[in-house]
Amino acid sequence: MGLFDGMKKKNDEAQEILEKHEKKELNDTAFLKAFRGVEVYYTTPVGDHKDGGMRLFAIPGPDKTGYMPLFLSEEDMRNYYDKAGRVGYMIMKASFLPILETAAQANSGNTPVKLGLMIDPFKYKVTLDVPMIEPVLRLLHE
272 MGLFDGMKKK
282 NDEAQEILEK
292 HEKKELNDTA
302 FLKAFRGVEV
312 YYTTPVGDHK
322 DGGMRLFAIP
332 GPDKTGYMPL
342 FLSEEDMRNY
352 YDKAGRVGYM
362 IMKASFLPIL
372 ETAAQANSGN
382 TPVKLGLMID
392 PFKYKVTLDV
402 PMIEPVLRLL
412 HE
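Numbering (the numbering used here), first residue to last: 272 to 413.
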């Protein structure tokens, strides 16, 4: 067994959950319950751009909202931010549920942009809009 075998297994599990959701084999509720403990990669939504300026690196949404991208692998995350021109960012990893909780806390304040979440912006593009975050948290805490 190699050093990274455990990480590959979790990534495969996450992809399997996303595939089932995409094929409608899992409804939204079943998907969210299955995905709650999946570890994803992410970073802060604001950071440095290669042109020297600071930017909000959220995927644009409607009505002063954006989506914070979440990735199944560090490699996907690096590819995404390289294409976006982001430099000098920290790579973090956490389970999906605590990220939801953090998003809810961040959105509860008076922020200029509220953030939803987008899982795997390259392939699956599963979104949780800002108004969905609190009800999803209640569902996952049942």
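For glycine and all other residues, C-beta sits at the position ideal for the given N, C-alpha and C.
1. Which two residues bound the contiguous beta strand (DSSP E) that contains D319?
2. So, is P340 buried or exposed, given that buried needs 16 or more other C-beta atoms within 10 angstroms?
3. Return the chain-ordered list of same chain residues with a C-beta closer than 8 Å to the C-beta of M361, the five sequence neighbours on each side being excluded.
4. State the start and end residues of the unbroken alpha helix (DSSP H) segment that holds Y352.
5. May I ask you to list the residues that DSSP assigns as paired with M363?
6. Per DSSP, T398 is paired with what?
According to the structure shown:
1. V317 to H320
2. buried
3. T314 and T315
4. E345 to A355
5. According to DSSP, which records beta bridges pairwise, M363 is partnered with Y313.
6. The beta-bridge partner set that DSSP reports for T398 consists of M389.
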